[in-house]
Amino acid sequence: MNLFRKKSIESLIQTSETTSLRRVLSATDLAMLGIGAIIGTGIFVLTGVGALTAGPALILSFVIAGLCCLFAALTYAEFASMVPVSGSVYTYSYATMGEFIAWIIGWDLILEYLLAVSAVSAGWSGYFQSVLDSMGIHLPTVLTAAPTALDGTTTIMNLPAFLIVLLITLLLSVGVRESKVVNNIMVVLKVAVVLLFIITAVWHVEPANWKPFMPFGWNGVMMAAAIVFFAYLGFDAVSTAAEETRNPQKDMPKGILWSLGICTLLYVIVTAIMTGVVNYPDFAEHQDSPVAFVLKSIGQDWVAGFVSFGAILGMLTVMLVMLYGQTRIIFSMSRDGLLPGFLSKVSEKYRTPIGSTWFFGLIAAFLGGFIPLDELAQLVNAGTLLAFTLISIAVMVMRKKQPDLPRSFKCPWVPVIPILAIVFCMVLLLKLIISFDYLTEVTKGTALGGFFEAIGTVMGGQNYMDGVITLTGQRFFIWLFIGLLIYAVYGYRKSKLAQEQ
329 MNLFRKKSIE
339 SLIQTSETTS
349 LRRVLSATDL
359 AMLGIGAIIG
369 TGIFVLTGVG
379 ALTAGPALIL
389 SFVIAGLCCL
399 FAALTYAEFA
409 SMVPVSGSVY
419 TYSYATMGEF
429 IAWIIGWDLI
439 LEYLLAVSAV
449 SAGWSGYFQS
459 VLDSMGIHLP
469 TVLTAAPTAL
479 DGTTTIMNLP
489 AFLIVLLITL
499 LLSVGVRESK
509 VVNNIMVVLK
519 VAVVLLFIIT
529 AVWHVEPANW
539 KPFMPFGWNG
549 VMMAAAIVFF
559 AYLGFDAVST
569 AAEETRNPQK
579 DMPKGILWSL
589 GICTLLYVIV
599 TAIMTGVVNY
609 PDFAEHQDSP
619 VAFVLKSIGQ
629 DWVAGFVSFG
639 AILGMLTVML
649 VMLYGQTRII
659 FSMSRDGLLP
669 GFLSKVSEKY
679 RTPIGSTWFF
689 GLIAAFLGGF
699 IPLDELAQLV
709 NAGTLLAFTL
719 ISIAVMVMRK
729 KQPDLPRSFK
739 CPWVPVIPIL
749 AIVFCMVLLL
759 KLIISFDYLT
769 EVTKGTALGG
779 FFEAIGTVMG
789 GQNYMDGVIT
799 LTGQRFFIWL
809 FIGLLIYAVY
819 GYRKSKLAQE
829 Q
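Numbering (the working numbering), first residue to last: 329 to 829.
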């Protein structure tokens with residue numbers, strides 16, 4: 329059994345040169361894609377949750393999560409400049425660590441993008457319904473949420489979440505040029521809303537609200553870092569657009585790093601202002617709309633209305649870019665024979681992967697409309713962290729095995745940067761799937777108990793006492809098991825590499 333058969337870099341480059349997709353994206357478009365995917369739930373929702381966990385030190389939490397992503401982004405940028413093919417880290421892993429690892433990565437990325445689109449669609453629906461309510465328009469209660477999502481209330485489906493994903497799917501199926509225009513316009517508008525918040529609120533900062541700066545110590549900072557990591561998801565989706573980029577070797581690294589840098593700066597500034605204007609405990613009753621709450625607290629209700637509008641746009645672009653990345657991953661896996669061929673079918677008229685776009689668009693719409701996803705959101709982080717870890721390993725493997733391959737961008741300080749990315753990602757991943765509190769409890773009084781307690785303290789505590797593996801970890805391993813079954817039954821035999829052997 330050749331589980332680790334590899335695609336050659338030369339074949340990947342040839343695939344890029346003969347692609348049937350339309351090359352229309354510039355470095356600016358790529359940066360807009362990244363910003364569109366990153367700025368959304370992070371600023372408009374997670375800042376409130378994070379402030380209650382870390383206090384004013386949430387700034388440090390965003391920096392830590394941003395560093396984790398930066399280290400991974402540098403490795404992404406090197407591969408994107410060297411192998412400009414759709415598929416992101418899935419494709420890179422195929423050429424470095426073999427088909428089996430590539431399948432696991434691709435399966436993880438499906439989890440990341442699919443659940444992200446569905447989860448954000450539910451959040452978007454809440455903001456959209458709030459705007460409708462303010463206009464005197466009220467949807468029937470049974471159509472406002474997924475079944476069992478509201479305690480004590482009977483609901484059939486989340487109709488706005490279902491319809492918005494279908495609308496985005498339609499837009500993506502029409503073409504990348506049309507999608508990028510819509511995305512760029514919405515990104516400009518939502519960044520303008522964020523800047524409006526900064527300009528309005530900065531004059532009301534009271535430095536006394538920053539004291540104590542770390543009320544929950546490093547435990548709170550690390551715990552908040554794991555929470556706000558979700559806020560950075562999306563920059564990796566830029567690398568899925570390689571085959572639709574005009575000059576991928578030069579533009580891909582720029583798009584990845586520009587988007588991550590701009591968003592990190594905005595996150596830190598907004599967080600500093602929010603915790604400076606409002607004392608962090610006051611966010612307890614306003615976790616769903618912390619930015620709007622800050623503005624209302626200083627009497628700027630009209631700006632708060634614009635922020636709600638910005639949140640709607642922000643979540644729209646997140647869904648657009650995440651679903652775009654999802655379809656390009658599936659397109660690549662299908663083209664390699666690991667998934668059915670209809671998923672890599674390209675529309676002759678629009679030159680978009682019509683099969684994967686509608687297949688997974690419908691699944692995402694169904695999940696957003698009918699399945700409560702609040703408890704599954706952490707699965708998105710778990711899949712992404714594993715992908716970041718493996719791409720960091722892959723860049724070191726390629727430097728060792730093929731040091732002479734042309735690279736228009738090189739990750740600096742290899743192997744230091746990739747190792748730092750691995751360490752940061754593994755700390756956050758283990759925090760999600762392993763209960764160190766449980767391990768500490770069952771080994772109490774032993775040297776091992778002290779060891780687990782020390783690790784748990786560094787990671788910010790867990791508070792999961794139901795077993796060694798957390799609920800998120802259990803679901804993550806079930807997802808991996810399902811993926812392994814599909815690969816064993818279908819992908820291994822149908823792989824194009826297998827057919828060529």
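Glycine included, C-beta positions come from ideal geometry on N, C-alpha and C.
query                                                                                                                                                                   : result
Once DSSP output is grouped into helix, strand and coil, what is the label at residue 573?                                                                              : strand
When you compare each of 418, 342, 409 to residue 662 by their alpha carbons, which one comes out closest?                                                              : 418
Taking C-alpha atoms, which residue in 436, 487, 728 lies nearest to residue 806?                                                                                       : 436
For the alpha helix (DSSP H) containing residue 495, list its first residue and its last residue.                                                                       : 487-502
Between 641, 456, 572, 607, which has its C-alpha nearest residue 467's C-alpha?                                                                                        : 456
Tell me which same chain residues have a C-beta within less than 6 Å of the C-beta of residue 831, skipping the five on either side of it?                              : The shown model of the chain, from 329 to 829, leaves out residue 831, and the question about it has no answer.
For the alpha helix (DSSP H) holding residue 636, just list the boundary residues, first then last.                                                                     : 629-663
Beta-carbon within less than 8 Å of residue 499's beta-carbon, same chain only, minus the 5 sequence neighbours each way: which residues are those?                     : 506, 507, 510, 648
Are there 16 or more other CB atoms within 10 angstroms of the CB of residue 446, so buried, or fewer, so exposed?                                                      : buried
Give the C-beta separation of residue 737 and residue 406 to the nearest angstrom, bearing in mind that I take them to be a contact with Cβ-Cβ under 8 Å.               : 6 Å
Which same chain residues, not among the five before or five after residue 472, have their C-beta less than 7 Å away from its C-beta?                                   : 457, 483, 486
If you compare alpha carbons, which of 336, 700, 713, 689 is closest to residue 492?                                                                                    : 689
What residues are listed by DSSP as bridge partners for residue 797?                                                                                                    : 762
Would residue 696 and residue 525 be called neighbours here (beta carbons separated by less than 8 Å)?                                                                  : no
Let me know the secondary structure DSSP gives residue 472 once reduced to three states.                                                                                : strand
So, for residue 864: in the same chain, excluding its five sequence neighbours on each side, which residues have a beta-carbon less than 6 Å away from its beta-carbon? : Nothing can be reported for residue 864: it is not among the residues displayed for the chain, which extend from 329 to 829.
Report back the beta-carbon spacing between residue 646 and residue 817 to the nearest angstrom; my notes put them in contact at under 8 Å.                             : Their Cβ separation, rounded to whole angstroms, is 34 Å, which puts residue 646 and residue 817 out of contact at 8 Å.
Contact defined as beta carbons within less than 8 Å: I believe residue 374 pairs with residue 555. What is the distance between those atoms, to the nearest angstrom?  : 6 Å
Check the C-beta distance from residue 383 over to residue 548 and give it rounded, since I have them as a contact under 8 Å.                                           : 7 Å
So what does residue 812 bridge to, in DSSP terms?                                                                                                                      : None, per the DSSP bridge assignment.
Using the three-state DSSP reduction, which class does residue 823 fall into: helix, strand or coil?                                                                    : coil
Out of 423, 717, 601, point me to the one whose CA is closest to residue 729's CA.                                                                                      : 423
Give the DSSP-derived three-state secondary structure of residue 757 in the structure shown.                                                                            : helix
Report back the beta-carbon spacing between residue 801 and residue 761 to the nearest angstrom; my notes put them in contact at under 8 Å.                             : 3 Å
According to DSSP, residue 388 sits in a beta bridge with which residue or residues?                                                                                    : Bridge partners of residue 388: none, in fact.
Less than 8 Å between C-beta atoms, sequence neighbours within five positions excluded: which residues of the same chain meet that for residue 399?                     : 720, 745, 746, 748, 749, 752
Grouping DSSP H, G and I as helix and E and B as strand, with all else coil, what is residue 374?                                                                       : helix
Relative to the C-alpha of residue 523, which residue among 353, 371, 810 is closest?                                                                                   : 371
From residue 826 to residue 330, what does the alpha carbon distance come to, in whole angstroms?                                                                       : 9 Å
Alpha carbon to alpha carbon, how far is residue 390 from residue 687? Give it in angstroms, no decimals.                                                               : 35 Å
Short of 6 Å in beta carbon distance, which residues of its chain neighbour residue 553, apart from the five on each side in sequence? Order them along the chain.      : 389, 392, 393
Using DSSP's beta-bridge definition, name the partner residues of residue 353.                                                                                          : 573
Let me know if residue 332 comes out buried or exposed under the rule of 16 or more other beta-carbons within 10 Å of its beta-carbon.                                  : exposed
Please report how far the alpha carbon of residue 790 lies from the alpha carbon of residue 377, in whole angstroms.                                                    : Unreliable positioning characterises residue 790 in this predicted model, as indicated by a pLDDT of 48, which lies under 50. The coordinate reading is nonetheless provided below. Each residue's alpha carbon lies about 16 Å from the other.
I believe residue 564 touches residue 420 by the beta-carbon criterion, under 8 Å. Please report the beta-carbon distance rounded to the nearest angstrom.              : That belief does not hold up - the Cβ atoms of residue 564 and residue 420 are roughly 11 Å apart, past 8 Å.
Would DSSP call residue 792 helix, strand or coil?                                                                                                                      : For residue 792, the predicted model reports a pLDDT of 49, less than 50, meaning its position is unreliable and no value from the coordinates is stated.
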